[in-house]
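Going line by line, the protein sequences match chains A and B. Here our numbering is used: the first residue of the first sequence is 645, the next is one more, and so on. Here our numbering is used: the first residue of the second sequence is -8, the next is one more, and so on. Take a look at the structure below.
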Amino acid sequence: MINQYRLVECNLNGKDVSCMVDARASLTDMLRNDYRMTSVKKGCEVGECGACNVLIDGECYNSCLYLAVWAKGKRIRTLEGLLGPGGELSDIQQAFIDETGVQCGFCTPGFIMTALEVLETGQEYDDDELRKRLSGHLCRCTGYENVLRAVKRTMYKRLGKALPPEFERAGEPLQAKQQGETCAQNGCR
Amino acid sequence: MYDMKELYEAQSIQDAIRLRVEHPEAEILAGGTDVLVQMREGKRAGKELISIQTIDELRGVRFDAAGAIRIGSLTSFSHITRDPIIQQYINVLGEAVDTIGGPQIRNVGTIGGNTCNGVTSADSASTLHAWEAIVELAGPDGIRQLPIKEFYIKAGVVDIRPGEIQTALIIPRESYENTHGFYIKYAMRNAMDLATLGCSVNASLAADKKSFARVRIAYGVAGPVPMRTPSAEAAANGQPVTQATLEAFSRAVLNDINPRDSWRAAKDFRQHIAVEMAKRCLNEAVKRCGGEVL
């Protein structure tokens, strides 16, 4: 290559950063290798699984299909940017735990970033619309219903609306389970 | 890392044309959802690429001086779906591109890429054919415009000449005025799937809404390139808005389409659903025109 390394200046999780990036690198490569944003997972690398999903200027992109050099001047957000100053979880991350939307966790960062794009529109969506908006992700272990519930729970909370009745039934035993039982006691591997 | 030989980053349309002339072997990279995937799979490995991704002057939807709707080639599918001009005048195009891939793919994939790769299953292509879109190309000799029908040459091959890039898709005023359409994508699943068959119909009704002033229909995957079906259009134009017309219209599509057997679906199955899709699309288009099928 004539000019293999190029300067890429961008804003990553609220901080202006810059580094020399290989022109052949994907945004996933840059985020993981140069900035240690390991929430950005390398999954299918052809834009099907959604595990590498990040927000670029507020929109969701599969970072595997986005060249690192295109990030110049963009505002990029990864899951790491959601944590509070002391490492506190954000509402949507907590909701994924509360609704058991996390198992192995590989797909979770991507799912949560998509959820964030949905939540930040400030609109209320019905189940069909939410399913469509979450459809760019694959999860092999949790089942999509819990993910949907986590997004719904956070959506209603952010909109200041009461949770629909289906959340009340699950709410109580779920909290008991978190306090009393661990995964090992349940025999899950 | 992508296995590319060289990446040229075009800063403007003129810059892109210059790079095209200087590097005739290089391929254009827009959204990347086809080119980069194929590069990853090895099909396009080792190629030179000209990235036009950051040329913002190629983005957006607006009216031109003649009242035509001009869609910049780099406009992403999700931006087309959300665009107020599209929603008001050619809503069916927004709906059609909203069936492509998944949300992240629709955020990065571009309508220019969807047409330039010359694939018959492209969800935008049938609607653009049905609305008689004009393809605008910019090259070293200036701007060239041609009907989308002529743009498609054969499967995977479109009329982009050396040094040219596609800059816009234009829907003329006489094409969209008082016209409403409907698109059906038949696929195995609702996300991340290509169309088994795509059907886009639009109609405008006479003033009394009792007869069809103009009906246009186009398919994707009914042949090697997206295609109109003139027999069906002839069977509906000027005819009363009745069930009988819908029947004649939908049966006539079989005179023109030529789907093939593939692993996705058999030819006779595609023919079967083509008739049903034509009927349903026209029925919905009539409703959107404020008419009623008698």
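Quick reminder that beta carbons are idealized off the backbone N, C-alpha and C, glycines included. Fair warning: this is a prediction, and the values are worked out from it, not measured in the lab.
Residue i: buried (16+ other C-beta within 10 angstroms of its C-beta) or exposed?
i, result
"Thr682 (chain A)", "exposed"
"Ala820 (chain A)", "In this prediction, Ala820 (chain A) scores a pLDDT of 42, lower than 50, which makes its location untrustworthy; no coordinate-derived value is stated."
"Thr765 (chain A)", "exposed"
"Gln737 (chain A)", "buried"
"Phe68 (chain B)", "buried"
"Glu755 (chain A)", "According to the sequence provided, residue 755 (chain A) is Phe. The question's Glu does not apply to it. So Phe755 (chain A) counts as buried."
"Phe142 (chain B)", "buried"
"Ala828 (chain A)", "The predicted position of Ala828 (chain A) is uncertain, since its pLDDT is 45 and thus under 50; a value taken from the coordinates is nonetheless stated next. When all chains shown are included, Ala828 (chain A) counts as exposed."
"Pro217 (chain B)", "buried"
"Asp74 (chain B)", "buried"
"Leu760 (chain A)", "buried"
"Ile8 (chain B)", "buried"
"Lys270 (chain B)", "buried"
"Gly189 (chain B)", "buried"
"Ile144 (chain B)", "exposed"
"Ile139 (chain B)", "buried"
"Val88 (chain B)", "buried"
"Val12 (chain B)", "exposed"
"Gly229 (chain B)", "exposed"
"Ile134 (chain B)", "exposed"
Kindly list the residues whose CB is nearer than 6 Å to the CB of residue i, restricted to its own chain and excluding five residues on each side of it in sequence; keep chain order.
i, result
"Thr187 (chain B)", "Tyr177, Ala178, Arg255 and Ala256"
"Val762 (chain A)", "Arg777"
"Leu709 (chain A)", "Gly691"
"Met674 (chain A)", "Val665 and Ala712"
"Ala113 (chain B)", "Asn105"
"Ser241 (chain B)", "Val266, Ala269 and Lys270"
"Asn246 (chain B)", "Ser222"
"Ala669 (chain A)", "Ala712"
"Leu671 (chain A)", "Ser707, Tyr710, Ala712 and Ala715"
Do you know how far the Cα of residue j is from the Cα of residue i?
i, j, result
"Met799 (chain A)", "Ala739 (chain A)", "10 Å"
"Thr288 (chain B)", "Ala265 (chain B)", "One cannot answer for residue 288 (chain B) here, as it falls past the ends of chain B, which runs -8 to 285."
"Arg833 (chain A)", "Cys748 (chain A)", "Bear in mind that the predicted position of Arg833 (chain A) carries a pLDDT of just 42, short of 50, making it unreliable; the figure below should be weighed with that in mind. Their backbone Cα atoms lie some 10 Å apart in a straight line."
"Val83 (chain B)", "Met(-8) (chain B)", "38 Å"
"Trp122 (chain B)", "Tyr80 (chain B)", "11 Å"
"Val287 (chain B)", "Pro250 (chain B)", "Shown here, chain B extends from -8 to 285; a query on residue 287 (chain B) therefore has no answer."
"Arg793 (chain A)", "Pro808 (chain A)", "11 Å"
"Phe237 (chain B)", "Val652 (chain A)", "The residue asked about is misnamed: residue 237 (chain B) is Leu in this sequence, not Phe. Those two C-alpha atoms are separated by around 57 Å."
"Leu699 (chain A)", "Leu727 (chain A)", "15 Å"
"Arg797 (chain A)", "Thr72 (chain B)", "27 Å"
"Leu119 (chain B)", "Gly281 (chain B)", "23 Å"
"Val791 (chain A)", "Asp132 (chain B)", "54 Å"
"Ile4 (chain B)", "Gln648 (chain A)", "23 Å"
"Asn193 (chain B)", "Tyr174 (chain B)", "9 Å"
"Asp55 (chain B)", "Lys686 (chain A)", "43 Å"
"Val26 (chain B)", "Ile46 (chain B)", "18 Å"
Return the first residue and the last residue of the alpha helix (DSSP H) that residue i is part of.
i, result
"Met69 (chain B)", "Note on identity: in this sequence residue 69 (chain B) is Ser, with Met being the wrong assignment. From DSSP, the alpha helix (DSSP H) with Ser69 (chain B) extends over Phe68 to Arg73."
"Asn82 (chain B)", "Asn82 to Val88"
"Leu774 (chain A)", "Asp771 to Arg777"
"Gly754 (chain A)", "Thr752 to Glu764"
Leaving aside the five residues before and after residue i along the sequence, list all residues of the same chain whose C-beta is less than 8 Å from its C-beta, in chain order.
i, result
"Val746 (chain A)", "Phe740, Thr752 and Thr786"
"Ala806 (chain A)", "Tyr800"
"Thr24 (chain B)", "Gly92, Ile96, Val99, Gly100 and Gly104"
"Gly780 (chain A)", "Gly694, Asn697, Cys704, Asn706 and Thr758"
"Leu137 (chain B)", "Ile125, Val126, Leu128 and Asp150"
For residue i, report the span of its beta strand (DSSP E) as first-last.
i, result
"Gly189 (chain B)", "Leu188 to Leu196"
"Val661 (chain A)", "Lys659 to Asp666"
"His14 (chain B)", "Element bounds for His14 (chain B): n/a, residue is neither H nor E."
"Ser222 (chain B)", "Per DSSP, Ser222 (chain B) belongs to no beta strand (DSSP E); it is in the alpha helix (DSSP H), Pro221 to Ala227."
"Asp135 (chain B)", "Asp is not the amino acid found at residue 135 (chain B); the sequence shown has Arg there. Unbroken beta strand (DSSP E) run through Arg135 (chain B): Gly133 to Pro138."
"Ile700 (chain A)", "Asn697 to Ile700"
"Gln157 (chain B)", "Ile156 to Ile162"
"Lys176 (chain B)", "His171 to Tyr177"
"Ile264 (chain B)", "From DSSP, Ile264 (chain B) is part of no beta strand (DSSP E) but of the alpha helix (DSSP H) over Lys258 to Arg279."
Ordered along the chain, which non-local residues of its own chain (more than five positions away) have a Cβ less than 7 Å from that of residue i?
i, result
"Arg164 (chain B)", "Ala57, Gly58 and Ala59"
"Met645 (chain A)", "Ala667"
"Thr111 (chain B)", "Ala146, Gly211, Val212, Gly214, Pro215, Val216 and Pro217"
"Gly658 (chain A)", "Gly725"
"Gly154 (chain B)", "Ile8, Arg11, Val12, Gly130 and Pro131"
What do you reckon, is the C-beta of residue i under 7 Å from a heavy atom of the ligand NAP?
i, result
"Asp47 (chain B)", "This structure lacks the ligand NAP, and indeed carries no ligand of any kind."
Near-chain A residues of the stretch 205 to 218 of chain B (beta-carbon distance less than 7 Å), N- to C-terminal order: none
Members of the stretch 175 to 207 of chain B that neighbour chain A once the beta carbon cut-off is set at 8 Å: Asn181, Ala182 and Met183
Residues from the stretch 665 to 690 of chain A in contact with chain B, defined by Cβ distance under 8 Å: Asp666, Ala667, Arg668, Ala669, Ser670, Asp673, Glu689 and Val690
Positions along the stretch 705 to 719 of chain A whose CB lies within less than 8 Å of some CB in chain B: Tyr705, Asn706, Leu709, Tyr710, Leu711, Val713, Trp714 and Lys716
The stretch 97 to 124 of chain B: positions lying closer than 8 Å to chain A by Cβ: Asn98 and Val99
Residues within the stretch 36 to 62 of chain B neighbouring chain A, beta-carbon criterion of under 8 Å: Ser42, Gln44 and Thr45
Cβ-based contacts, 9 Å cut-off: residues of the stretch 720 to 734 of chain A near chain B: none
Residues in the stretch 21 to 36 of chain B having any Cβ partner in chain A nearer than 7 Å: Gly23, Thr24, Leu27, Val28 and Arg31
Positions along the stretch 646 to 661 of chain A whose CB lies within less than 7 Å of some CB in chain B: Ile646
Chain A contacts from the stretch -6 to 19 of chain B (Cβ-Cβ distance under 8 Å): Asp(-6), Met(-5), Lys(-4), Glu(-3), Leu(-2) and Glu0
Contact set between the stretch 64 to 95 of chain B and chain A, restricted to residues whose Cβ is under 8 Å from the partner: Ser69, Gly92, Gly93, Pro94 and Gln95
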